[in-house]
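Shown next, in structure tokens, is the structure this report addresses.
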Amino acid sequence: MENDLARDASVEEQECDISESDTVEYPYCREKMQWMQEGWQTHECYASYGVNGTFCSFRIYLSEVEKYCPILSWRTVIKDDIAVLPENEVLPVKRILSDLLKLMFDNKLNYEFIRNRISHLWPKWLSAYNELIIKWPKVISSRSKLNIIVHMGFLSKESGFKFGELSSTGGPLGELVQWSDLIAALYLLGHNLMISTEISTLKKNLQKIDYNFPCPLQGGEIINLLFTDIIGLKYLRGRMSDFFNKMKCKLRVLDSFGTHAEFNSQNYFITHKNSLGGSGSNPWGNHQLDLQQFMTMFPHTDDNTFLGFAVDMHSVNQDIKRDNITLVYGKAGYMWKNAKRLIERVRKFTDVHATVNDSLGFPFEGPAPLEAIASGVVFINPAFNPPKSRNTSDFFKDKPTLRKLTSQNPYAELFIGRPHVLTVDIENLSQVEDAIHEALLSKPTAYIPFEFTILGMLQRVSILVSKQDFCHVGRFPPPNAMLTVEAVPMQSCQDACRQYNLMCERSFFRVVNVPGFLNKSGSCAALRSTSSPYAPYECSKQENPDLYSCASVPITPSIRRICPCRDFIRGQTALCSFCL
Numbered sequence: 001m002e003n004d005l006a007r008d009a010s011v012e013e014q015e016c017d018i019s020e021s022d023t024v025e026y027p028y029c030r031e032k033m034q035w036m037q038e039g040w041q042t043h044e045c046y047a048s049y050g051v052n053g054t055f056c057s058f059r060i061y062l063s064e065v066e067k068y069c070p071i072l073s074w075r076t077v078i079k080d081d082i083a084v085l086p087e088n089e090v091l092p093v094k095r096i097l098s099d100l101l102k103l104m105f106d107n108k109l110n111y112e113f114i115r116n117r118i119s120h121l122w123p124k125w126l127s128a129y130n131e132l133i134i135k136w137p138k139v140i141s142s143r144s145k146l147n148i149i150v151h152m153g154f155l156s157k158e159s160g161f162k163f164g165e166l167s168s169t170g171g172p173l174g175e176l177v178q179w180s181d182l183i184a185a186l187y188l189l190g191h192n193l194m195i196s197t198e199i200s201t202l203k204k205n206l207q208k209i210d211y212n213f214p215c216p217l218q219g220g221e222i223i224n225l226l227f228t229d230i231i232g233l234k235y236l237r238g239r240m241s242d243f244f245n246k247m248k249c250k251l252r253v254l255d256s257f258g259t260h261a262e263f264n265s266q267n268y269f270i271t272h273k274n275s276l277g278g279s280g281s282n283p284w285g286n287h288q289l290d291l292q293q294f295m296t297m298f299p300h301t302d303d304n305t306f307l308g309f310a311v312d313m314h315s316v317n318q319d320i321k322r323d324n325i326t327l328v329y330g331k332a333g334y335m336w337k338n339a340k341r342l343i344e345r346v347r348k349f350t351d352v353h354a355t356v357n358d359s360l361g362f363p364f365e366g367p368a369p370l371e372a373i374a375s376g377v378v379f380i381n382p383a384f385n386p387p388k389s390r391n392t393s394d395f396f397k398d399k400p401t402l403r404k405l406t407s408q409n410p411y412a413e414l415f416i417g418r419p420h421v422l423t424v425d426i427e428n429l430s431q432v433e434d435a436i437h438e439a440l441l442s443k444p445t446a447y448i449p450f451e452f453t454i455l456g457m458l459q460r461v462s463i464l465v466s467k468q469d470f471c472h473v474g475r476f477p478p479p480n481a482m483l484t485v486e487a488v489p490m491q492s493c494q495d496a497c498r499q500y501n502l503m504c505e506r507s508f509f510r511v512v513n514v515p516g517f518l519n520k521s522g523s524c525a526a527l528r529s530t531s532s533p534y535a536p537y538e539c540s541k542q543e544n545p546d547l548y549s550c551a552s553v554p555i556t557p558s559i560r561r562i563c564p565c566r567d568f569i570r571g572q573t574a575l576c577s578f579c580l
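Numbering follows full-length UniProt numbering, with no gaps: position 319 of the sequence shown is 319.
As structure tokens, this is what we get:
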């Protein structure tokens, strides 16, 4: 009898075990299976999902409820005897603006700009949604209603920044623009939003959650996503650590300038900070999230996710006579320092006040240049030599990125270019004169890349919110979107992929971090494991997934990186052709 029981258990384990090939896609499955064997009775909720102490019940739970394991082939049709989470309800579009505005209440001053921008653009958001349904019906039909927390930490009293207060008097608007457009898109797509700028409101919005409940809730209130910024993230980590640890994978962090792997891992930064330049401190990093949870203003860092913002596209009648005047992009006094010679030279050709938008070099990567280009204006974009970075700019010395900005707006320089954008050294007045001549002779039309249109942002947000998943091994982008290239010596994967008109796809590093890719030549006596942002490369396996990096450039020519890439939809760099 005992032998029969042992044989039955053995057969069961064989039926429900995970194969070596599956561990690539589901690296945490075995670890979770081991925990379940010891801990399934720590809470009654596991039994409510059908867990009964058998090996297969653990596997079924971890594949069909928590998604840490692949679904068993003989369980393709899920049986009725297991309680599986219901799909979230699919809701129609939310078109009533007043209902959205009621959700922004905890500090009137903080929301003034956001409410005004959303109200002004609302008819165009509705029009974009209607167009989205017609052009990409699957994007909408697969949408489920999510409960989403939106917390803007940079507007809180604790931050001390006073962005809301300064929004009407020349203060920074880039972050407010992005948050406005994100909120409009999420609401229009039918999701339930709980919005806050103050900590007290955030805590009230979170009171529905049972933080000690280890299983996914059935039929109760759950938080599907939490959007915040670095200020909000630091508060959650420091003051609400228990909540942070339980919700870590559901966080989405708006991060204008991006975060690189070297600054995301606290251990790596401490060990290597002397070689990373800058101030030697890391006040905005050390969060150890998946790098794709950081969402940027522009598509400058393939390791992060491009969220972006929407640019209002005005109809421009080319037959209307225009005066040649120059709008100088510099709204704060300190930005005009040392600008006298430049302004005097510009005044030789035009009145200075908008057909030419001439910038003073700061702020970096704001929305204004794209807004100008969308109105038919030529943007004169200051080039930086040497590039602005942690080593050359006080602004970047503490930022968690090794980026080197070659101009005030690299996106406008690299992705738009002539005739809409003229990138010049504004210290070289002859170059400035040539650029002004070229701008005055050209007849550019209003232009904006699709990814910065309202429709482009709505498409992107809909797909990212519904398909990106950092709580389980993701299937987005789908594995069949992967293409691999080998970088040349001392080249990042981001640059290697760009040479083939591709994007580096960080989520695919786990797929190439296997012997089949690392020892293609068969010349490796053995694979060695290393914790380095350059791995994986030939004969070297990445030991620390937190250090997977598209952006890192090897410091030695002996390393040639193995780079996972994907294509992208024309005008929509965040999405691959298989992603829709």
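Backbone N, C-alpha and C define an ideal beta-carbon position, used for all residues, glycine too.
Boundaries of the beta strand (DSSP E) around Val-424: 421-424. If you draw a 10 Å sphere on the C-beta of Thr-259, you find 16 or more other C-beta atoms in it, and that means buried.
Using a Cβ distance threshold of 8 Å, Arg-143 and Gly-190 count as a contacting pair. Residue range 147-151 is occupied by the beta strand (DSSP E) that includes Ile-148.
The region 561-570 makes contact with the region 502-516, as at least three CB pairs between them are under 8 Å. In this structure, Ser-529 sits near Lys-541, with a CB-CB distance shorter than 8 Å. Val-253 sits away from Met-194, with the two beta carbons spaced by 8 Å or more. Rounded to the nearest angstrom, the Cβ distance from Val-473 to Glu-25 is 6 Å, consistent with a contact under 8 Å. According to the DSSP assignment, Pro-123 belongs to the alpha helix (DSSP H) that extends over 108-135. Rounded to the nearest whole angstrom, the CA to CA distance from Gly-278 to Arg-75 is 54 Å. By the criterion of at least three beta-carbon pairs nearer than 8 Å, the region 377-384 is in contact with the region 416-432.
In the assembly as shown, Cys-249 is an exposed residue. Its beta-carbon has fewer than 16 other beta-carbons within 10 Å. With respect to the 8 Å criterion, Tyr-187 and Leu-121 are not classified as neighbours on the basis of their beta carbons.
Counting of Cβ neighbours within 10 angstroms places Glu-31 among the exposed residues, the total staying below 16. Non-local C-beta neighbours of Gly-280 in its own chain, meaning closer than 8 Å and more than five positions away in sequence, comprise Lys-273, Asn-274, ordered along the chain. DSSP, reduced to helix, strand and coil, places Ala-185 within a helical segment of the structure shown. Taking one beta carbon from each stretch, the region 569-576 and the region 281-293 have fewer than 3 pairs nearer than 8 Å; the two do not touch. Within 10 angstroms of the beta-carbon of Leu-233 lie 16 or more other beta-carbons, which makes it buried. DSSP lists Leu-254 as the bridge partner or partners of Asp-229. By the Cβ criterion, the region 446-461 is in contact with the region 365-382, since at least three pairs of Cβ atoms, one from each stretch, lie closer than 8 Å.
In the three-state reduction of the DSSP assignment, Phe-269 falls in the helix class. Sequence-distant partners of Ile-569 (beyond 5 residues in either direction) whose C-beta falls short of 8 Å from its own C-beta, in its chain, are Leu-575, Cys-576, Ser-577, Cys-579, Leu-580.
Exposed is the label assigned to Glu-15, since fewer than 16 other Cβ atoms lie within 10 Å of its Cβ. Only residues of its own chain outside the window of five on either side were considered, and among them Gly-456, Arg-570, Gly-571, Gln-572 have a CB closer than 8 Å to the CB of Phe-450, listed in chain order. Annotation for Pro-515: Leu-527 place their beta carbon closer than 7 Å to its own, counting only its chain and skipping 5 residues before and after. Burial is judged here by how many other beta carbons sit within 10 angstroms of a residue's own beta carbon; Ile-148 has at least 16 and is buried. Annotated as distal: Leu-518 and Ser-532, with beta-carbon spacing of 8 Å or more. The continuous stretches of alpha helix (DSSP H) do not include Cys-565, which lies in the beta strand (DSSP E) extending over residues 562-566. Secondary structure note for Arg-510: its alpha helix (DSSP H) is the uninterrupted segment 509-512. Taking the Cα positions, Pro-299 is about 43 Å away from Ser-57. Only exposed fits Phe-105, as fewer than 16 other CB atoms lie within 10 angstroms of its CB. Just so you know, the alpha carbons of Ala-481 and Cys-497 end up roughly 13 Å apart.
The continuous alpha helix (DSSP H) containing Gln-34 extends over residues 29-39.
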